[in-house]
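The structure appears below as structure tokens.
Protein chains: 4
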Amino acid sequence: MLEQKGYHETSMDEIAARVGIAKGTIYIHFPSKDALVIALLERNMQKFLAGIDAVIEQHSTSRARLEALLRYIMTDLLQKQMHLFSSISHSLDLKYQEPEGEARLGGLWQRITERVVALIEEGQATGEFKRALSTQAMLYAFFSLFATRHLKKHIVNDEHTSQRLVDQLIEIYFTGIAVESRS
Amino acid sequence: MLEQKGYHETSMDEIAARVGIAKGTIYIHFPSKDALVIALLERNMQKFLAGIDAVIEQHSTSRARLEALLRYIMTDLLQKQMHLFSSISHSLDLKYQEPEGEARLGGLWQRITERVVALIEEGQATGEFKRALSTQAMLYAFFSLFATRHLKKHIVNDEHTSQRLVDQLIEIYFTGIAVESRS
Amino acid sequence: MLEQKGYHETSMDEIAARVGIAKGTIYIHFPSKDALVIALLERNMQKFLAGIDAVIEQHSTSRARLEALLRYIMTDLLQKQMHLFSSISHSLDLKYQEPEGEARLGGLWQRITERVVALIEEGQATGEFKRALSTQAMLYAFFSLFATRHLKKHIVNDEHTSQRLVDQLIEIYFTGIAVESRS
Amino acid sequence: MLEQKGYHETSMDEIAARVGIAKGTIYIHFPSKDALVIALLERNMQKFLAGIDAVIEQHSTSRARLEALLRYIMTDLLQKQMHLFSSISHSLDLKYQEPEGEARLGGLWQRITERVVALIEEGQATGEFKRALSTQAMLYAFFSLFATRHLKKHIVNDEHTSQRLVDQLIEIYFTGIAVESRS
DNA sequence: CATGAATGAGAGTTCATTCAT
DNA sequence: CATGAATGAACTCTCATTCAT
Chain A
5 MLEQKGYHET SMDEIAARVG IAKGTIYIHF PSKDALVIAL LERNMQKFLA
55 GIDAVIEQHS TSRARLEALL RYIMTDLLQK QMHLFSSISH SLDLKYQEPE
105 GEARLGGLWQ RITERVVALI EEGQATGEFK RALSTQAMLY AFFSLFATRH
155 LKKHIVNDEH TSQRLVDQLI EIYFTGIAVE SRS
Chain B
5 MLEQKGYHET SMDEIAARVG IAKGTIYIHF PSKDALVIAL LERNMQKFLA
55 GIDAVIEQHS TSRARLEALL RYIMTDLLQK QMHLFSSISH SLDLKYQEPE
105 GEARLGGLWQ RITERVVALI EEGQATGEFK RALSTQAMLY AFFSLFATRH
155 LKKHIVNDEH TSQRLVDQLI EIYFTGIAVE SRS
Chain C
5 MLEQKGYHET SMDEIAARVG IAKGTIYIHF PSKDALVIAL LERNMQKFLA
55 GIDAVIEQHS TSRARLEALL RYIMTDLLQK QMHLFSSISH SLDLKYQEPE
105 GEARLGGLWQ RITERVVALI EEGQATGEFK RALSTQAMLY AFFSLFATRH
155 LKKHIVNDEH TSQRLVDQLI EIYFTGIAVE SRS
Chain D
5 MLEQKGYHET SMDEIAARVG IAKGTIYIHF PSKDALVIAL LERNMQKFLA
55 GIDAVIEQHS TSRARLEALL RYIMTDLLQK QMHLFSSISH SLDLKYQEPE
105 GEARLGGLWQ RITERVVALI EEGQATGEFK RALSTQAMLY AFFSLFATRH
155 LKKHIVNDEH TSQRLVDQLI EIYFTGIAVE SRS
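Chains as they are written, first to last, in the numbering used here: chain A, 5 to 187; chain B, 5 to 187; chain C, 5 to 187; chain D, 5 to 187.
Below, the structure is given as structure tokens:
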């Protein structure tokens, strides 16, 4: 609900109705709407972080790991019902009134990017990725691919087409960053 | 104002004050807040479209044109005070209550993407861009680069660093899509 | 309404309904309920202060002035529909969330007590009031007489009885503080 | 808690926490918050009544008794942490939703005033107090002295100053009502 | 046409009260 | 009896929209 409709479009009444409890009950568990959203995001980010680690350790090379990670996130996004990464990504814009919670969120996001940074630098060290490119650029290009904004217009119900899109994005990205271009 | 603070964070009072007219006067020209925002976006999109065309015709090859376009949009985004593309991009998420206006916006967005699609297909026709990649993928990868969400965290006041980021993103993208990589 | 039912017992809906305007309209003129109450009190205190001065200047001796002042306040209180002093007195307990407004209120209350203090010290100087009594005690005894809490139970509709009560309170007070006892 | 912070500022949660039982348990013993407050006041009033009687029987003359009573109440008030009389006095303003309980409270308050009325009339009978003054006036003047509202602004931590204030108030009051002034 | 005070539906939040455990 | 999570009515406050001037 919150993940799909957004912060302002989702009222506490709606949330309560959707969860099947009374509005006041929410305030037993969360002191404010912001706190609720932050807690939700925190949970999602933690799940996402765990997912990242699980995905990474299933592969050995930096390239394979980064590619698997890209597929993992894309799969999540293409499931149409926005999920982990989507909710996180959507929330990075907002300014919450709870500095402490925001700090926790920022810390988690940092840990997420650290994983990717590690993969990139590892790949550069092993000679898999270009050393001429800054980590910053490769990181930015990586996460840019998951801009749900534009994805929405490209989502197709056809499983095959979606898969093909992901494959080609992977090709574009890795041709761009990898040392040996495939063409 | 609307472009920077967002739809919900900008009240009609603020808009009126900023424009220098009375709040009631706005409703003479626009039937609702949504209509106002849509009209604003429409104007921005039209300007942006004109900007695209101006940029494109300054170059001859598809590659040069697409690269110039990328730089044009990036410059807009990096100016920090969100401008044309930024306001458009930000608004694509929202669901307005005015179907007719939304349709006009959709039409304009389509005309924008058509420009890029034309460049891509032209480049494929001339052999500049890979024919194996679908237009969809190259289009998606192109607009993904402008995810302001993630850009925010990478914006730096240092002009030189920003420029370097753009250069490297261009390298990644075009190495990925172009037939002959330049490195 | 607010004066009679008290802060917590009077909702903004009630106030709006009583004044004959919409709830939202109140917030055009006052930023919060506290601000509204403080403004109301401020106005009452200013009126009261003006009333005090008007009463005082109608008499010449300290004794006559203080007595007239006592009658003035009592008359206000006995009118049953709580008025100036009553609303002020009732509000001295509350803790508002607007420090600035509270400071203004405190300043006004100080100016009110200053008038009485001046009368008392003047009377001591002229030999009308006992010099052995501290100003503080005479001041406190004076304002204590207007404790609406207890007054409520003694208010009678009979004009004559009310007047007699006031007369006797005056006698008790002034016999207590004046140099020459009457008895 | 209730005595100090007031009815509206004290929630059932706070009361439960303070008493050390669960919130729901309160409702086994008291049907409502009003009933709880009324019961608390009733207990306080009964204690106060017992205190009055204890104080009175320690002295013989009406004058001594009334003076001792005045000191007794004042001491309670000056202890800053509001106690018996204070809680009672504070509650007389409120309008409870339990007519029966309010009646019991009213009855107890009447019994309290009856003690004072008895002292006053006894003193008039023995010639200690002026017969010209109505019992009502002397009663009202007596309880007026305990207006906590104004007392707050005069409370000082200095034990000596507080005592001096009480002494002078006693002098003012008794000079006002007694037949022979003592100076 | 322009104005801005007035509107009122709806938002987030609180808290006395209830009831399954 | 005791519990405390759940309830929902009522509160304060916001803001897009209207309309008499």
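Cβ atoms here follow ideal geometry from the backbone N, Cα and C, with glycine treated the same way.
Just how far apart, CA to CA, sit residue i and residue j?
{"i": "A182 (chain C)", "j": "T130 (chain C)", "result": "11 angstroms"}
{"i": "M142 (chain D)", "j": "L6 (chain C)", "result": "31 angstroms"}
{"i": "D171 (chain C)", "j": "A68 (chain D)", "result": "26 angstroms"}
{"i": "L70 (chain A)", "j": "L123 (chain A)", "result": "7 angstroms"}
{"i": "S166 (chain C)", "j": "G180 (chain D)", "result": "19 angstroms"}
{"i": "I32 (chain C)", "j": "L73 (chain B)", "result": "48 angstroms"}
{"i": "H164 (chain D)", "j": "H164 (chain C)", "result": "43 angstroms"}
{"i": "I25 (chain D)", "j": "S93 (chain D)", "result": "27 angstroms"}
{"i": "K9 (chain A)", "j": "A21 (chain B)", "result": "30 angstroms"}
{"i": "V23 (chain D)", "j": "Q50 (chain D)", "result": "21 angstroms"}
{"i": "S15 (chain D)", "j": "G55 (chain D)", "result": "29 angstroms"}
{"i": "S64 (chain B)", "j": "Q83 (chain B)", "result": "27 angstroms"}
Between which two residues does the alpha helix (DSSP H) carrying residue i extend?
{"i": "L112 (chain A)", "result": "P103 to T130"}
{"i": "E61 (chain D)", "result": "That residue, E61 (chain D), is in no alpha helix (DSSP H); it is neither H nor E in DSSP."}
{"i": "S148 (chain B)", "result": "T139 to S148"}
{"i": "H33 (chain B)", "result": "K27 to H33"}
{"i": "E163 (chain B)", "result": "E163 to I181"}
{"i": "R22 (chain D)", "result": "M16 to V23"}
{"i": "T79 (chain C)", "result": "S66 to L82"}
{"i": "L6 (chain D)", "result": "L6 to K9"}
Among the residues of its own chain, which have a CB less than 7 angstroms from the CB of residue i, if the five just before and after it don't count?
{"i": "L98 (chain B)", "result": "Y11"}
{"i": "S91 (chain B)", "result": "E7, L45 and N48"}
{"i": "E195 (chain C)", "result": "In the structure as shown, chain C begins at 5 and stops at 187. Residue 195 (chain C) is therefore absent and cannot be evaluated."}
{"i": "F89 (chain B)", "result": "F52, I77, D80, L81 and F150"}
{"i": "I19 (chain C)", "result": "M5, L6 and I30"}
Between which residues of its own chain and residue i is the CB-CB distance below 8 angstroms, once the five residues before and five after are set aside?
{"i": "S36 (chain B)", "result": "Q101 and E102"}
{"i": "E13 (chain A)", "result": "none"}
{"i": "L53 (chain C)", "result": "L112, R115, I116 and R119"}
{"i": "F34 (chain D)", "result": "L40 and A43"}
{"i": "F133 (chain B)", "result": "S66, R67, I124, G127, M142, I181, A182 and V183"}
{"i": "V121 (chain B)", "result": "T139 and L143"}
Could you check which residue in the options has the C-alpha nearest to that of residue i?
{"i": "K27 (chain D)", "options": "D:D80, D:D17 and D:F34", "result": "D:D17"}
{"i": "G105 (chain A)", "options": "A:A39, A:G55 and A:A68", "result": "A:A39"}
{"i": "R75 (chain A)", "options": "A:A122, A:R168 and A:G127", "result": "A:R168"}
For residue i, which residues in the same chain have their Cβ closer than 6 angstroms to its Cβ, ignoring the five residues on either side in sequence?
{"i": "M78 (chain B)", "result": "V170"}
For the ligand GTP, is there a heavy atom less than 6 angstroms away from the beta-carbon of residue i?
{"i": "A136 (chain A)", "result": "This structure simply doesn't include the ligand GTP, nor any ligand for that matter."}
State whether the region 103 to 123 of chain A contacts the region 36 to 52 of chain A, with contact taken as three or more CB pairs (one from each stretch) at a distance under 8 angstroms. yes
Are there three or more Cβ pairs, one per stretch, closer than 8 angstroms when the region 48 to 65 of chain D is compared with the region 138 to 152 of chain D? no
The region 161 to 178 of chain A / the region 135 to 143 of chain B touching (three or more Cβ pairs under 8 angstroms): yes
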